[in-house]
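Report on the structure given below.
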Amino acid sequence: MEINITALPGDGIGPEVTAEAVRVLEAVAEKFNHELKLTTEKIGGVAIREFNDPLPDQTLAACLNSKAVLLGAVGHPDFDNHPPHLRPEAGLLKIRNALGAYANLRPARLFAALADASPLKASVIEGTDMLIVRELLGGLYFGQPRGEQGDSVINTMRYSAAEVERIARVAFDLARKRRRQVTSVDKSNVLEVSRLWRQTVIGVAKDYPDVTLEHQLVDSCAMALVARPASFDVILTENMFGDILSDEAGAVVGSLGLLASASTGGPVGLYEPVHGSAPDIAGQGIANPLGAILSAAMMLRYSFDLDAEAASIEAAVERTLAEGYRTRDLTVAGEPSVSTTEMGRRVIAHLS
Ligand code: IPM
Ligand code: MN
């Protein structure tokens, strides 16, 4: 089959980790007899430098012409003082919106070999296997009005019932393929938006009597995530809460560098590691490529229905870690580690 994708390496460590994910895809395509058709375009800071636009028309057109998009990361401190529309992050928000990618799936599972890489005790994290379902096109990230208003600056948290309902259905559907438990996270003791969120989720749950629903306030969820991470199955939450909780989940399972994500809901899927551009370590060849590689696996599964291919990547990652290979983020000071490219090579060597 034809695997027609656009790669957007972006900024910071984005190009380094995306290169490894692409190498893995090339190896999988060869093994399973698929044709990989890859276009590479610019997004974020590198696109602002070249085109004065974080999402150039050419980039968007290429994405809309492919079946899926593999993104590295955007963001660089050089743009910290730029106006909002000329920041790298604006490119990411625009492409999420243009692709209709409202459902961001962020799995966080503990690899057995990494039980000692987490800052938490092995006994606490044992069995951790959660899926954060983050609403991606609403809330504070997109709510209007926003910006300067006289001597103040405002952002707006806004959700319609329809927006909550569609993401809730994604979470319940996915829970049916897992342990049938949804934890909906809000701040309904304070926010009206969260009260609509909770009411709407309760309504959707009526269609899923086989799935257990619980509600948690976001502050309490942040605590429970480190106190009893293994108790979570599907976490359903709005855009900003999901952004924060997913970084926390990364630390729980050993490193944010491991987390992959799929942004789905529109005609073209968007796949990106959860970590950012990490400008502090960019260009040193030490970034963890596993989040990007596992995002490529999610892409094969969700956009191309290639389950065996996705599973072979995931198994290769698991075996690589089981053999003790670690990038620097997975080690403590002084322990040996491998480079970004070496980690990629190891994964490819383990593909079956
Ligand atoms: C993420 C990132 C992005 C977000 C930034 C880079 C805009 O932190 O994907 O989690 O906040 O969604
Ligand atoms: Mn984030």
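The sequence shown: position 220 = 584 (the working numbering), numbered continuously. No residue lacks a Cβ here, since even glycine has one placed at the ideal position from N, Cα and C. All figures in this text were calculated on a predicted structure; none of them were measured in a lab.
Remark: C-beta atoms of ALA660 and ALA651 do not approach each other more closely than 8 Å. By the criterion of a C-beta distance shorter than 7 Å, LEU560 is surrounded in its chain by TYR523, ALA525 and VAL528, once the five residues flanking it on both sides are discounted. Rounded to the nearest whole angstrom, the CA to CA distance from GLU706 to LYS458 is 34 Å. Distance from LEU581 to ILE496 at the Cβ level is roughly 16 Å; contact not present, criterion being Cβ atoms closer than 8 Å.
Relative to the ligand IPM, the nearest heavy atom lies less than 7 Å away from the CB of VAL438. Here the alpha carbons of ARG540 and PHE443 stand approximately 43 Å from one another.
Rounded to the nearest whole angstrom, the CA to CA distance from TYR666 to SER584 is 32 Å. Of all alpha-carbon atoms in ALA615, LEU670 and ILE645, the one lying nearest the alpha-carbon of SER482 is that of ALA615.
At least one heavy atom of the ligand MN is found less than 7 Å from the C-beta of ASP611.
Distance check between PRO631 and each of LEU402, PRO653, SER676 and ALA465 places ALA465 closest, using alpha-carbon atoms only. Of the candidates SER558, GLU673 and GLU380, the residue whose Cα lies closest to the Cα of LEU372 is GLU380. Closest in alpha carbon position to GLU399, among MET604, PHE415, THR564 and LEU664, is LEU664. Under the 10 Å beta carbon count, LYS551 is surrounded by 16 or more other beta carbons and is classified as buried. By a beta-carbon distance limit of 8 Å, ALA626 contacts LEU469. Their separation comes to about 5 Å. Bounds of the alpha helix (DSSP H) holding ALA391 are 378-396.
In this model, PRO653 and PRO700 are separated by some 17 Å (Cα to Cα). Assignment of ARG709 by DSSP, reduced to helix, strand and coil, places it in the helix class. Contact between ALA675 and GLU384 does not hold, since their C-beta atoms are separated by about 19 Å, which reaches or exceeds 8 Å.
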